[in-house]
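Right, one structure below, let's go through it.
In my numbering, the protein residues as written are 27 to 122.
Encoded structure:
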């Protein structure tokens with residue numbers, strides 16, 4: 027991966043299982059992080075698009091590294107993590 031995916035890393039952490047927050051709470055945190063400038067929304071969309079277009083992007087490893095999933099890691103694979111993440115944020119960000 028030649029992109030550091032800094033914004034995507036922050037978003038994965040916001041949705042971490044460890045926090046045990048509702049989807050609305052996670053989305054509120056995401057919205058505030060964008061509003062306060064901690065996350066660059068345009069760059070985030072570019073990073074998501076780049077990850078989606080890269081057949082070698084390791085969604086599972088990225089999710090574990092950035093704490094999106096912390097429990098039952100063996101129950102997931104790249105595709106399930108990708109679909110789970112997209113289900114969380116795509117409507118909010120209007121990602122194509």
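Don't be surprised by glycine CBs; every beta carbon is placed ideally from N, CA and C. Given the structure is predicted, the values throughout are model-derived calculations rather than measurements.
Handout entry: Boundaries (first-last residue) of the alpha helix (DSSP H) holding residue 75
Key = 67-79
Suppose you measure from the CA of residue 94 to the CA of residue 85; what does that come to, to the nearest Å? 10 Å
Integer-rounded CB distance, given that residue 53 should sit under 8 Å from residue 118:
6 Å
- request: State the DSSP-derived secondary structure class of residue 109, mapped to helix, strand or coil.
  value: helix
Review point. Residue range of the alpha helix (DSSP H) that residue 93 falls in?
Key: Taken as a continuous stretch (DSSP letters only), residue 93 belongs to no alpha helix (DSSP H), as it is neither H nor E.
- Query: With 16 as the cutoff for other CB atoms within 10 Å, does residue 100 come out buried or exposed?
  - Reply: exposed
Alpha-carbon spacing of residue 60 relative to residue 114, whole angstroms: Here the alpha carbons of residue 114 and residue 60 stand approximately 16 Å from one another.
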